[in-house]
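Worksheet: one structure, shown below.
Protein chains in written order, with the numbering used here: chain A, 6 to 316; chain B, -16 to 426.
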C-alpha cells in the first residue's frame, strides 16, 4: 500500500503552520482524559469453538437490520433494471406454465384431480418457482460474496437467508398472477386462503432447509455448486408440480410425502383451488421441514467456522 | 485505573499448507476419498487435517487498555492481518483465547459490500449496516458522512459512475463514522488523494482522542508514530517486541530493513508482446549484506538488472525510474546519458549494473520501474517491466528527514541564515552577498 508523505509526518515533527499539514504531533498526550465507562460493556470471548454448536438464532436476531438491508439490496438491484426485473418475475413462471399446460395438460393428458390443468399446474409452480430460485440463490450466495465473508464479521447464516428473503418478492408477484388467472377461470377466493401465511412459512422453511445446507456444501466443496441445478431438476420431478399425488401408486406415496414440497404444493392447491385436504402430506411436511431446517442450520454453523479460511 | 479492552492469551492460528488447494477441495474428491478410505474421511469430517501446516500466529499474548491506541507492525506475513481477523471474529484461533470488552468494528478494507448499481445514498445505508451500524445511527450520521466524503451532488448517482477517488472517499467516510468502543484498522489510510488522506488522518486522530480503543495495523511507520502510543512488533507470527511507539518502530526498522535476500522477477505491464526484452530481473546490490523491502534515507541505490533481448537492436539502453504514489515521475536514471548502451542479439541475455549515489529521496512509498529503450524513440519503445515499492525509511536514524506534504520528494541540504534587522537596514536593501556560499555536505 502506498504511504503518503503526510502520514510519515512523525510525532514530534510539528506540522508547518501555513496549511498543507496537520498538527498530529502529540496525539497521545492531548487525549481527553475522561475515562469511558467500560465496565458495563459486554465482554466477548474469542476462542476455538467446538465442532457442533448452538444455532445462534439470538445473534441472527441481533443482526436483523443487516438481514433487512441485504434483502433490500438484492430486491433493489434486481428491480433497478426496472422493466426487466418485474417482467422476469412474471415471464419465467408464465412461460413455464404455458409449456407445461400444453405439454402435460393438453397432449400428455396428465390428470389434475378435477381442476383445470393450467390452474392445477400454476398452483404447483408458484411454490416451486420460489423454492427453486431461493435454493439456487442461497446455494451460491456465499461463494458470490466472498469479499464480505473475508472482511467483516456477522452471522454467516444471514447471507443465504437474505437470498430467501429476496425471493419472497417474486413469490408475491407470481401469487398475484395466480389469483388473476384463477379469476379468469372463474375460480373465486375462499376462506381457506387464511391458511396461506402458515403455508408461506412452510414453503420458506423447506427452502431454508435445502438452501443453508447447499450453501455450506458449495462453500466447502468448490464443485458442489454444479450439483445444485441437477438436484433441483431431480427435485422438481419428485414433487407433484406437474402431476397429482393420486398418479403415484399407493405403496410409493409415503416416499413422496417425505419430500416437504409435496405437502407445500398440495396445501397451496387446497388453499387456492379447493382441492381435497391431504392431511398425510401436509402433516408430514411440517415435522420434516422443521427437522431438516434445524439439521441444515446446524451443519451450516459447523461448516461456517472454516468459511473465511477456505474461501 | 484503566480497564482492559482487549486481553489475548496464547492466540495461535494454524493454516494447512495447501489450505488454498483445500479451498479448491472438491466434492468429487471427497466422494472418491470416501469410497477409498472411509476412516480418513471420517477424520477429515472431524476437523482434523493431515499435511503440512504452518503457524500464521503463534502464542501471542498482549493486553490493551481502554482508550489506548496501539500499533501492530511487522513485515508482510508476520501475522498482522491474521490477528485482526481473529479479533474481528472473521476467523477462529486454533488455540488460545481473547476477551474483548465492547463493540468491535473492523476496517480491514474500505468499501466492503458496496454495490455498483446502488446510489451513493443507498450504499451508505448498506455499507453502514454491513459494518455493524444501526439504522438510527446511520441516519444520525448521514449528513456528516456525505459532507466528509464530498459527494453531495452525486448522492443519487449509482456508485458505478463514481470516479475511483469519490468511491474511496465515500467508503472511508462511512467507515469513519463507526462508533464502536474498539476499532481495528488495517492500513485503510492509504486511500484517495493527498487532501483526502490528510482528512482521514485527522479523523483517525479525532477517533483516538475520544477515548476509543484502536488497534492499528500498518506498514507506515509515520502513521503509526503519529497515532499510536504503543506498538507491538510481530515477526513470523510471534511477538518480537512491545514498547512505546518510537522504540518499537526503531526495533522494526533495525530488524527488518535487512531481511531475506531479494531478487525480483519483473513482469512486463500488460502488453500484447514484449518487443525489446523479456525475463527481466531486478536484483538489489546493497552495502548491507542482505537486501530488503526498504531503503535507508541517504543510502546509495545499487541494482543489477538482467534481461533477455527479444530482438537485435542497436544501442539498447536501460532506465530506472522512480514514481511517487500519485504516479508522478520523481526522477529517471538513464544509462545512455552515461554512455552505457549495448547492441543486442535476439535471444541473448544481458546484465546491467547501476549505482545511484544518495540523492535525498524522502521517506515515502515509491514505485521503481525498469525501462528498456532503443534509439531516439524512447517513448515508443520504453517498456515498463514492473514496479516495486521503495521505502527509504530510516526513521530513528540521525539522517532521517521527515517529508512534508506538498513539498516535493527530494531533500537537498542548503545553508540558511535568519537574523533580526533594524528598520533602516530593512529599508536600505540587501547587504552585498557573501563572496562564497559554503555548502556543507553531509557525510
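Even for Gly, the Cβ is constructed at its ideal location relative to N, Cα and C.
Rounding to the nearest angstrom, what Cα-Cα distance links residue i and residue j in this structure?
i	j	result
residue 15/B	residue 133/A	33 Å
residue 115/B	residue 130/B	21 Å
residue 64/A	residue 143/A	20 Å
residue 308/A	residue 115/A	43 Å
residue 103/A	residue 127/A	9 Å
residue 314/B	residue 402/B	35 Å
residue 273/A	residue 178/A	15 Å
residue 272/B	residue 286/B	Unreliable placement is indicated for residue 272/B, whose pLDDT of 39 sits below 50; the coordinate value is still reported in the next sentence. One C-alpha to the other measures close to 14 Å.
residue 52/A	residue 199/B	22 Å
residue 204/A	residue 269/A	7 Å
residue 242/A	residue 248/A	9 Å
residue 236/A	residue 230/A	10 Å
residue 136/B	residue 97/B	19 Å
residue 94/A	residue 275/A	24 Å
residue 73/B	residue 191/A	56 Å
residue 266/A	residue 218/A	16 Å
residue 397/B	residue 390/B	15 Å
residue 60/B	residue 46/B	22 Å
residue 284/A	residue 250/A	13 Å
residue 493/B	residue 103/B	Residue 493/B lies beyond the stretch modelled for chain B, which goes from -16 to 426, so this question has no answer here.
residue 130/A	residue 166/A	22 Å
residue 217/B	residue 113/B	29 Å
residue 326/B	residue 344/B	33 Å
So, is residue i buried or exposed, given that buried needs 16 or more other C-beta atoms within 10 angstroms?
i	result
residue 105/B	buried
residue 198/A	exposed
residue 142/B	buried
residue 409/B	exposed
residue 39/A	Confidence in residue 39/A is poor, its pLDDT being 42 and thus under 50, which makes the residue's placement unreliable; the coordinate value appears in the next sentence. Exposed, because fewer than 16 other Cβ atoms sit within 10 Å of the Cβ of residue 39/A.
residue 393/B	exposed
residue 245/A	buried
residue 330/B	exposed
residue 194/B	buried
residue 196/A	exposed
residue 175/A	buried
residue 293/A	buried
residue 271/A	buried
residue 144/B	exposed
residue 18/A	At residue 18/A the pLDDT is 38, less than 50, meaning the model places this residue with poor confidence and gives no usable figure here.
residue 207/B	buried
residue 62/B	buried
residue 160/B	buried
residue 62/A	exposed
residue 282/B	buried
residue 227/A	buried
In chain B, which residues lie less than 8 Å from residue i when you measure between Cβ atoms?
i	result
residue 153/A	95, 96, 113
residue 82/A	98, 100, 101
residue 295/A	Result: empty, since nearest Cβ-Cβ is about 25 Å, beyond 8 Å.
residue 197/A	Those do not exist, as residue 197/A stays about 38 Å from chain B at its closest Cβ, beyond 8 Å.
Check the Cβ of residue i against every Cβ in chain A and list those closer than 8 Å, keeping chain order.
i	result
residue 399/B	Those do not exist, as residue 399/B stays about 15 Å from chain A at its closest Cβ, beyond 8 Å.
residue -2/B	314
residue 38/B	By Cβ distance, chain A contributes nothing, its closest Cβ being about 14 Å from residue 38/B, past 8 Å.
residue 130/B	Neighbours of residue 130/B on chain A: none; closest Cβ ~19 Å, over 8 Å.
Give the interface partners of residue i over in chain B, defined as CB-CB distance under 7 Å, in chain order.
i	result
residue 160/A	What residue 160/A touches in chain B: nothing, since even the nearest Cβ is about 10 Å away.
residue 229/A	10
Does the Cβ of residue i lie closer than 8 Å to at least one heavy atom of the ligand PLP?
i	result
residue 116/B	Here there are no bound small molecules, and the ligand PLP is not part of this structure.
Determine the chain B residues that contact residue i at a beta-carbon separation under 9 Å, and present them in chain order.
i	result
residue 69/A	Going along chain B, no residue has its Cβ under 9 Å from residue 69/A, so there is no contact; the nearest lies around 10 Å.
residue 305/A	Ordered by position in chain B, no residue passes the 9 Å Cβ test against residue 305/A, which lies about 15 Å from the chain.
residue 302/A	Residues of chain B passing the Cβ test: none, with the nearest at roughly 18 Å.
Can you pull the chain D residues whose beta carbon is under 9 Å from the beta carbon of residue i, in chain order?
i	result
residue 76/B	This model lacks chain D altogether, as its protein chains are A and B.
Taking C-beta pairs closer than 9 Å, name the residues in chain A that residue i reaches, listed in chain order.
i	result
residue 70/B	51
For a contact defined as C-beta to C-beta under 7 Å, what are the partners of residue i on chain A?
i	result
residue 108/B	74
At least 3 beta-carbon pairs within less than 8 Å: the segment 74 to 83 of chain A vs the segment 169 to 178 of chain A: yes
At least three beta-carbon pairs within less than 8 Å, the segment 62 to 80 of chain B to the segment 118 to 127 of chain B: no
Touching by the beta-carbon criterion (3+ pairs, under 8 Å), the segment 292 to 308 of chain A and the segment 56 to 76 of chain B: no
Three or more C-beta pairs below 8 Å linking the segment -15 to 1 of chain B and the segment 287 to 301 of chain A: no
4 or more residues per run - each alpha helix (DSSP H) lying fully within the segment 195 to 245 of chain A: 201 to 225, 232 to 242
Whole beta strand (DSSP E) elements within the segment 73 to 152 of chain B, 3-residue minimum: 78 to 84, 87 to 90
4 or more residues per run - each alpha helix (DSSP H) lying fully within the segment 278 to 314 of chain A: 284 to 309
Segment contact flag, the segment 82 to 102 of chain B with the segment 143 to 156 of chain A, C-beta cutoff 8 Å, min 3 pairs: yes
Ranges of the beta strand (DSSP E) found wholly within the segment 320 to 359 of chain B, counting only runs of at least 3: 332 to 339, 349 to 357
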